[in-house]
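Please read the structure below before turning to the comments.
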């Protein structure tokens with residue numbers, strides 16, 4: 001079974017709107033990371049949040065982490081057409097060096 | 001820096017054939033890994049290496065072999081290709097074992113097994 005599952009599976013919005021995607025996981029983690037994948041390309045690291053952090057910002061990205069609910073959310077503010085991509089969360093399990101990826105959210109931003 | 005490079009970009013095999021997917025990085029990263037990406041499944045770890053001469057199995061290792069003779073290269077071998085191995089394969093690297101270090105991905109190899 002998947003450690004990380006994103007919700008929704010797909011999201012369509014207009015430019016300028018905010019996009020929120022969620023990630024749930026099952027076991028204790030060291031950190032949680034978000035990646036972006038443009039169509040036909042490799043994954044690109046966006047942001048990492050440690051298990052003892054609750055919120056982190058990077059440019060138009062805001063990530064929250066709720067370890068009691070085993071969930072994280074990625075908010076992209078003022079979306080642009082160039083944000084169209086799939087977004088994946090990845091969890092680093094406690095005491096391991098492996099990253100476990102979720103199933104991803106496909107974001108479409110219309111101009 | 002070229003980062004993480006993978007060859008070939010596309011490959012079609014017949015069932016039973018063998019081949020090697022190449023991966024190289026020029027960032028002197030110790031940790032390298034191979035993932036496969038299938039629709040609806042996310043990325044699943046196949047094999048990984050924490051340094052030259054050291055490899056270990058990931059989540060889905062069956063049907064694949066790896067070796068790490070140099071820091072730069074981490075080839076993935078398909079011993080006898082099966083249709084279930086049709087997938088997109090990604091190589092990744094990062095500095096050291098710590099997951100707090102940023103992981104970099106190659107552009108992927110799209111493999112079809114007929």
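Residue numbers (the numbering used here), protein chains in the order written: chain A, 1 to 111; chain B, 1 to 114. Glycine included, each C-beta is placed from N, C-alpha and C at the ideal position. For clarity, every value in this text was computed on a predicted model and none was experimentally measured.
Interface partners of residue i on chain B, CB under 9 Å
i: residue 41(A); result: 105, 107, 108
i: residue 48(A); result: 99, 100, 102
Nearest residue (CA-CA) to residue i, options the options
i: residue 70(A); options: 22(A), 80(A), 84(A); result: 22(A)
i: residue 111(B); options: 97(B), 21(B), 49(B), 68(B); result: 21(B)
i: residue 84(B); options: 43(B), 26(B), 15(B), 95(B); result: 15(B)
i: residue 49(B); options: 95(B), 19(B), 38(B), 43(B); result: 95(B)
i: residue 19(A); options: 39(A), 95(A), 84(A), 67(A); result: 84(A)
i: residue 104(A); options: 19(B), 87(B), 98(B), 42(B); result: 42(B)
i: residue 113(B); options: 88(B), 92(B), 100(B); result: 88(B)
i: residue 91(A); options: 32(A), 110(A), 50(A); result: 32(A)
i: residue 76(B); options: 2(B), 99(B), 18(B), 98(B); result: 18(B)
i: residue 79(B); options: 67(B), 63(B), 91(B), 92(B); result: 63(B)
i: residue 5(A); options: 34(A), 39(A), 16(A), 109(A); result: 34(A)
i: residue 24(B); options: 35(B), 44(B), 3(B); result: 3(B)
i: residue 109(A); options: 72(A), 86(A), 52(A); result: 86(A)
i: residue 53(B); options: 92(B), 34(B), 67(B); result: 67(B)
i: residue 109(B); options: 101(B), 86(B), 98(B); result: 86(B)
i: residue 38(B); options: 97(B), 98(B), 90(B), 100(B); result: 90(B)
i: residue 59(B); options: 35(B), 40(B), 99(B); result: 35(B)
i: residue 62(A); options: 68(A), 52(A), 51(A), 47(A); result: 47(A)
i: residue 5(B); options: 92(B), 45(B), 99(B); result: 92(B)
i: residue 50(A); options: 67(A), 39(A), 11(A), 38(A); result: 67(A)
Residue i: contacting residues in chain A (beta-carbon distance under 9 Å)
i: residue 30(B); result: Ordered by position in chain A, no residue passes the 9 Å Cβ test against residue 30(B), which lies about 11 Å from the chain.
i: residue 90(B); result: 42, 43
Residues that residue i contacts on chain B, provided the C-beta gap is smaller than 7 Å
i: residue 30(A); result: 99
Under 7 Å by beta carbon: chain A residues contacting residue i
i: residue 102(B); result: 45
CB-CB length for residue i against residue j, believed under 8 Å
i: residue 93(A); j: residue 27(A); result: 6 Å
Any non-hydrogen atom of the ligand FMN closer than 8 Å to residue i Cβ
i: residue 86(A); result: Looking for the ligand FMN in the displayed structure turns up nothing, as the structure carries no ligands at all.
Exercise for review: Check distances from the C-beta atoms of the region 59-75 of chain A to those of chain B and list, in chain order, the residues that come in under 7 Å.
Suggested key: Close to chain B, meaning a Cβ-Cβ distance shorter than 7 Å, is no residue of the region 59-75 of chain A at all.
Practice item. Select from the region 37-54 of chain B all residues with a C-beta closer than 8 Å to any C-beta belonging to chain A, and list them in chain order. Key: Answer in chain order: 40, 41, 42, 43, 44, 45, 48, 50.
Review point. Does the region 101-108 of chain B come close enough to the region 39-48 of chain A to have 3 or more Cβ pairs within less than 8 Å?
Key: The region 101-108 of chain B, when compared against the region 39-48 of chain A, does touch it at the 8 Å Cβ threshold.
Review point. Does the count of Cβ pairs from the region 96-103 of chain A and the region 71-86 of chain A closer than 8 Å reach three?
Key: No contact exists between the region 96-103 of chain A and the region 71-86 of chain A.
Check your understanding: Residues in the region 88-110 of chain A with C-beta within 7 Å of chain B's C-beta atoms, listed in sequence order?
Key -> Those residues of the region 88-110 of chain A that come within reach of chain B (Cβ to Cβ, closer than 7 Å) are 88, 92, 97, 98, 99, 101, 102, 103, 104.
Practice item. Evaluate the contact criterion for the region 45-59 of chain A versus the region 4-11 of chain B: three or more CB pairs, one atom per stretch, below 8 Å. Key: In short, these stretches do not touch, since the Cβ pair count stays below three.
Review point. Touching or not, the region 66-73 of chain B and the region 22-39 of chain B, by the rule of three or more beta carbon pairs under 8 Å?
Key: The region 66-73 of chain B is in contact with the region 22-39 of chain B.
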